[in-house]
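To keep things clear, I will list the structure first and then write my remarks on it.
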Amino acid sequence: MKKTLETIIKKSLESLGIKPPPYIEIEVPREESFGDLSTPLAMALAKQLKKPPRTIAEDIVKNIPDEGIFEKIEVAGPGFINFKFSTGFLYSSLKSLLEEGSNFLREDIGKGRKVQIEFVSANPTGPLHLGHGRGAAVGNALANLLEAGGYTVEREYYINDAGRQVKLLGHSAFARYKELLGVEYPFPEEGYLGEYVKDIAKAAIEDIGDKYKDSDFSEAEEFFINFSLKMMLSVIKKDLSDFGIRFDTWQSEQELYQKGEVQKTIDYLKGKGLIYESENALWFKATEFGDEKDRVVIKSDGEPTYFASDIAYHMKKIQGGYDELVNIWGADHHGYIPRLKAVIDALGYDREKLKVLLVQMVSLMRGGKPVQMSKRAGEFVTLKEVIEEVGADTTKFIFLTRRQDSHLSFDIEAAKASSAENPVFYVQYANARINSIFAHAEEKGIKADSLQEADLSLLEAEEELRIIKKLLTYPMIFEAAVLNHEPHRITFYLQELAGIFHPYYNKFRVVTEDRGLTLARLALCKAIRTVLKEGLGILGVTAPERM
RNA sequence: GCGCCCAUAGCUCAGUUGGAUAGAGCGUCGGACUACGAAUCCGAAAGUCGGGGGUUCGAAUCCUCCUGGGCGCGCCA
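Residue numbering for the first sequence follows our numbering, beginning at 19 and increasing consecutively.
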């Protein structure tokens with residue numbers, strides 16, 4: 019719908035000798051009386067052409083040939099051009115939608131460009147919590163979205179399996195191990211206090227018995243670190259797969275060290291004179307690339323910082339031949355962006371290649387009251403618990419019903435309610451309802467494959483035309499969602515679509531004695547279902563046949 | 001102290017890269033099941049878009065200051 023209009027407007031501009039701007043703004047006007055689509059183009063051109071906007075608008079309208087696409091074209095207000103499509107155009111578009119399915123709804127924006135999306139990447143030192151879940155839902159939906167938009171997408175999880183934190187995890191597990199075996203042993207300072215560490219210790223006993231009962235940590239270190247890591251990773255992978263999230267690649271930080279990539283990258287920057295020594299440490303000249311201060315890569319004790327491996331990691335990413343790199347981070351890491359962008363710059367690449375999407379914090383509520391979480395005491399609500407209590411679909415949907423950069427308050431009680439308080443069900447129910455209409459139609463002897471002969475022009479009711487138009491605006495929403503990397507736009511669209519389908523269902527009967535009308539309405543239902551399924555698929559939310 | 005993000009109906013949030021008279025859901029109040037699923041529908045009430053100033057044909061949207069909240073500012077990750 020939008021594309022058709024865009025082409026027509028461009029042609030009109032060209033025939034007027036006006037060079038069409040690269041982006042022609044076309045929107046669905048707020049008021050239905052303003053038409054189906056509208057453009058403020060004439061107002062935007064007014065300054066450049068030094069003519070009143072309404073005159074420009076009139077000229078553009080005059081140059082649009084009558085090909086039966088529009089019922090009405092009007093110049094309104096300060097210079098809007100409002101287009102109302104003919105029913106003929108709507109029916110033939112609906113027919114295309116029915117025939118082409120997803121192909122009609124998607125647009126090849128990416129043209130095969132390669133995008134890597136790195137998300138979740140939680141430290142393997144504990145189970146995923148709700149905040150990770152939000153990142154997972156957003157990253158997954160974005161990946162689906164870009165894939166549908168013609169990009170080649172790789173989903174990556176970066177595992178911070180090197181350094182002090184994993185050592186601390188191993189040490190904590192070792193302490194619990196000793197404790198379970200009845201040996202007195204001091205718990206490491208700032209160690210991990212969660213229950214899951216005891217589970218690791220128990221599993222360790224099952225695996226190796228009391229082999230390290232009387233050992234020092236130094237003797238058992240390698241085993242406990244590796245054992246804990248392995249176990250935490252499998253827990254994380256399980257949680258993610260229960261949440262319906264998959265990854266293509268799992269990049270290990272340790273591996274970057276083992277393969278010498280960290281050293282190589284530091285050497286490379288050294289060669290460029292961007293690393294210097296001071297106070298026995300090695301520093302990266304981040305300030306040369308817009309960061310607030312220079313950053314340490316090798317500490318004075320000779321140990322690399324987390325930043326060091328991150329440099330190597332992003333070097334590797336950027337040399338991986340991607341056209342775009344997306345990192346999805348919790349908003350608490352925002353201070354990290356400038357130094358990473360500085361790295362990209364320093365490595366000689368375009369810093370715009372790296373796009374960091376910040377996902378805001380999630381505050382957990384229960385019945386309107388905040389649930390306190392204390393990471394220090396090892397008490398936090400895990401993603402797993404929430405999924406078990408409210409379900410994966412609902413959890414994902416709620417995460418995708420907000421812009422990612424706005425704070426989210428997640429109320430478990432509200433999420434559990436299987437009522438209209440829960441927008442997922444509203445959308446899923448529309449799909450399930452359509453399925454049962456088809457089941458009913460089949461009982462009456464109307465087969466779905468006879469829909470091709472449906473005469474769509476029988477869809478004359480105002481509500482039906484409104485639904486058709488809504489369906490035809492899906493590609494616009496989709497395009498905007500892809501370009502802005504904002505999956506939540508799909509979520510809102512789906513709620514709106516369900517929001518006009520349900521009233522329609524209540525007011526009109528699809529399956530009646532009138533076979534022609536029945537076929538036409540079934541075809542409309544089928545189109546609605548196609549769009550619902552397409553959208554839910556992008557969100558990573560299921561579309562159950564029955565609920 | 002410096003930096004980033006946020007502030008829209010009682011609550012949770014949208015607002016289409018600056019567009020027309022600011023929207024939805026929940027909640028509240030009142031209604032609808034002997035025909036395709038009531039996880040639904042119909043109706044009603046509800047706003048100084050945090051505040052001031054600026055940019056322009058036009059601002060919830062951009063700039064600036066202020067207020068309030070979140071987060072970050074380590075040779076931690």
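All residues carry an ideal CB built from backbone N, CA and C; glycine is no exception.
Can you check DSSP and say which residues form a bridge with residue i?
| i | result |
| --- | --- |
| residue 384 | 387 |
| residue 348 | 377 |
| residue 427 | 381 |
| residue 323 | None; residue 323 has no bridge partner. |
| residue 132 | 170 |
| residue 90 | 102 |
| residue 152 | Answer by DSSP bridge pairing: none, since residue 152 is not bridged. |
| residue 302 | 293, 313 |
| residue 523 | Partner(s): none; residue 523 has no beta bridge. |
| residue 342 | 133 |
| residue 177 | 270 |
| residue 143 | Partner(s): none; residue 143 has no beta bridge. |
| residue 372 | 343 |
| residue 25 | DSSP, once it has assigned bridges, lists no residue as partnering residue 25. |
| residue 400 | 147 |
Taking the straight line between their C-alpha atoms, what separation do you get for residue i and residue j?
| i | j | result |
| --- | --- | --- |
| residue 325 | residue 513 | 42 Å |
| residue 368 | residue 332 | 13 Å |
| residue 40 | residue 24 | 11 Å |
| residue 339 | residue 131 | 10 Å |
| residue 56 | residue 547 | 27 Å |
| residue 142 | residue 321 | 20 Å |
| residue 377 | residue 87 | 43 Å |
| residue 483 | residue 563 | 26 Å |
| residue 365 | residue 352 | 21 Å |
| residue 449 | residue 274 | 47 Å |
| residue 505 | residue 335 | 24 Å |
| residue 500 | residue 221 | 45 Å |
| residue 175 | residue 431 | 31 Å |
| residue 116 | residue 323 | 56 Å |
| residue 427 | residue 304 | 36 Å |
| residue 267 | residue 133 | 13 Å |
| residue 103 | residue 61 | 22 Å |
| residue 112 | residue 106 | 10 Å |
| residue 526 | residue 121 | 29 Å |
| residue 261 | residue 405 | 7 Å |
| residue 532 | residue 447 | 26 Å |
| residue 318 | residue 421 | 42 Å |
| residue 294 | residue 253 | 41 Å |
| residue 301 | residue 272 | 21 Å |
| residue 73 | residue 503 | 37 Å |
| residue 479 | residue 462 | 24 Å |
| residue 249 | residue 153 | 22 Å |
| residue 85 | residue 177 | 58 Å |
| residue 128 | residue 171 | 10 Å |
| residue 410 | residue 470 | 37 Å |
Assuming residue i and residue j make a contact with CB atoms under 8 Å, what is their CB distance in whole Å?
| i | j | result |
| --- | --- | --- |
| residue 165 | residue 497 | Between residue 497 and residue 165 the Cβ distance is about 15 Å, and since that is not below 8 Å, they are no contact. |
| residue 549 | residue 123 | 7 Å |
| residue 511 | residue 553 | 7 Å |
| residue 518 | residue 488 | 6 Å |
| residue 522 | residue 485 | 6 Å |
| residue 346 | residue 382 | Rounded, the Cβ-Cβ distance is 20 Å, inconsistent with contact. |
| residue 357 | residue 309 | 5 Å |
| residue 509 | residue 401 | No, residue 509 and residue 401 are not in contact; Cβ-Cβ is about 19 Å, not under 8 Å. |
| residue 44 | residue 69 | Contact doesn't hold; Cβ gap of about 21 Å is too wide. |
| residue 458 | residue 529 | 6 Å |
| residue 328 | residue 247 | In fact, because the Cβ distance is near 19 Å, the residues do not count as touching under 8 Å. |
| residue 229 | residue 194 | That belief does not hold up - the Cβ atoms of residue 229 and residue 194 are roughly 15 Å apart, past 8 Å. |
Legend entry - Inter-stretch contact at 8 Å, needing at least 3 Cβ pairs: the stretch 453 to 472 / the stretch 89 to 102: no
Inset, instruction - Check whether the stretch 154 to 171 touches the stretch 181 to 191, counting contact only when three or more Cβ pairs, one atom from each stretch, lie closer than 8 Å. - result: Too few Cβ pairs lie closer than 8 Å, so no.
Legend entry - Touching by the beta-carbon criterion (3+ pairs, under 8 Å), the stretch 251 to 264 and the stretch 141 to 151: yes
Inset, instruction - Within the stretch 30 to 78, note down every full alpha helix (DSSP H) run reaching 4 residues or more, in order along the chain. - result: Listed in chain order, they are 59 to 67.
Inset, instruction - Count the CB pairs spanning the stretch 528 to 542 and the stretch 471 to 478 that are closer than 8 Å, and state whether there are at least three. - result: yes
Inset, instruction - Would you check if the stretch 410 to 420 and the stretch 554 to 562 touch, i.e. whether three or more CB-CB distances between them fall below 8 Å? - result: In short, these stretches touch, since the Cβ pair count reaches three.
Inset, instruction - Just list the alpha helix (DSSP H) runs in the stretch 409 to 475, keeping only unbroken ones of 4 residues or longer that don't cross its boundaries, in chain order. - result: 410 to 417, 430 to 434, 441 to 461
Legend entry - Secondary structure, alpha helix (DSSP H): runs of 4+ residues fully inside the stretch 190 to 234: 213 to 226
Legend entry - Length-filtered (3 minimum) beta strand (DSSP E) runs lying within the stretch 245 to 278: 267 to 270
Legend entry - Any 3 or more C-beta pairs closer than 8 Å across the stretch 286 to 299 and the stretch 239 to 246: no
Inset, instruction - Please confirm if the stretch 29 to 39 is in contact with the stretch 70 to 90, defined as three or more CB-CB distances below 8 Å between the two stretches. - result: yes
Inset, instruction - Kindly confirm or deny that the stretch 187 to 207 and the stretch 273 to 281 touch, where touching means at least three C-beta pairs closer than 8 Å. - result: no
Inset, instruction - Please list the segments of the alpha helix (DSSP H) lying wholly inside the stretch 497 to 541, counting only runs of 4 or more residues, in order along the chain. - result: 506 to 525
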